[in-house]
Structures are given as C-alpha cells and as structure tokens.
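Enquirer: I have a structure I would like to understand better, so I am pasting it below and will then ask my questions one at a time.
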Amino acid sequence: MRELFSDRNYYPPCPEPDMAMGFSPHSDADALTILYQLDDTDGLQVRKEGKWVPVEPLQNGFVVNIGDIMEVSMVAF
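The sequence shown begins at 151 in this note's numbering and counts up one residue at a time.
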C-alpha cells in the first residue's frame with residue numbers, strides 16, 4: 151500500500167500517550183490528504199460546527215481530507 155503514494159508520513163503509535171502533547175489544532179494546507187488507518191490507533195479529530203470531534207479509527211480504512219487549497223479552489227468556482 152505504501153508504494154502507491156510518493157509523499158507519505160508514517161506515525162507509529164505512541165508508546166507513552168499520557169506523556170505526549172500532540173499537535174496544536176490546525177488545518178491541512180495540501181489539496182488532498184489520504185490517511186490509511188493501519189490499525190485502531192486513535193487521535194485524529196475533525197472540526198465540525200465549531201467543535202473538535204474524534205474520528206473513530208476504522209482498521210484498514212481510508213480517511214480522505216480535502217485541504218485548504220482544494221477548499222479555496224472549490225469556492226472560487
């Protein structure tokens with residue numbers, strides 16, 4: 151699966167999640183982000199109606215995120 155995508159990141163599960171700070175809230179600047187959920191590792195959240203909502207992991211599932219560039223392009227048309 152990993153060889154399908156040229157630009158990729160791999161974030162293994164944190165061995166001590168209680169000690170981790172994580173990222174600050176942000177949006178993805180890319181046009182499109184495809185997240186392959188390898189296992190049941192959680193932590194991804196989306197902003198919906200002004201609140202951060204956790205995304206329940208779906209083992210071997212894909213999360214497709216439309217980033218800022220794509221959103222701006224869609225609004226412009």
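Ideal Cβ positions, reconstructed from N, Cα and C, are used throughout, including at glycine.
All values reported here derive from a predicted model rather than from experimental measurement.
(1) At what residues does the beta strand (DSSP E) containing Asn-215 begin and finish?
(2) Looking at C-alpha atoms only, which residue of Ala-181, Pro-165, Pro-204 is the closest neighbour of Asn-215?
(3) On the DSSP letters alone, give me the boundaries of the beta strand (DSSP E) that Val-196 sits inside.
(4) Can you list, in chain order, the residues of its chain whose CB lies under 6 Å from that of Asn-210, leaving out five sequence neighbours each side?
(5) If I'm right that Asp-192 touches Pro-204 with Cβ under 8 Å, what's the distance once you round it to whole angstroms?
(6) In angstroms, rounded to a whole number, what distance separates the CA positions of Leu-185 and Pro-162?
(7) Look at the alpha carbon of Asp-189 and the alpha carbon of Pro-165, and state the distance between them as a whole number of angstroms.
Expert: So, to answer that:
(1) For the purposes of this step, residue 215 is taken as the residue at position 65 of the sequence shown. Boundaries of the beta strand (DSSP E) harbouring Asn-215: 211-216, taken from the DSSP string.
(2) Within the sequence shown, the letter at position 65 stands for residue 215. Nearest to Asn-215 by C-alpha distance, out of Ala-181, Pro-165, Pro-204, is Ala-181.
(3) If you number the sequence shown from 1, residue 196 lands on position 46. From DSSP, the beta strand (DSSP E) with Val-196 extends over 195-198.
(4) Residue 210 sits at position 60 when you count from the first residue of the sequence shown. For Asn-210, where only same-chain residues beyond five positions count, there are no Cβ hits under 6 Å.
(5) Reading the sequence shown from its first residue, position 42 is the one you call residue 192. Reading the sequence shown from its first residue, position 54 is the one you call residue 204. Asp-192 to Pro-204, Cβ: 7 Å. Contact.
(6) Looking up residue 185 in the sequence shown gives position 35. Looking up residue 162 in the sequence shown gives position 12. Near 13 Å, if we compare the C-alpha coordinates of Pro-162 and Leu-185.
(7) Residue 189 sits at position 39 when you count from the first residue of the sequence shown. Residue 165 sits at position 15 when you count from the first residue of the sequence shown. When the Cα atoms are used, Asp-189 and Pro-165 turn out to be separated by approximately 15 Å.
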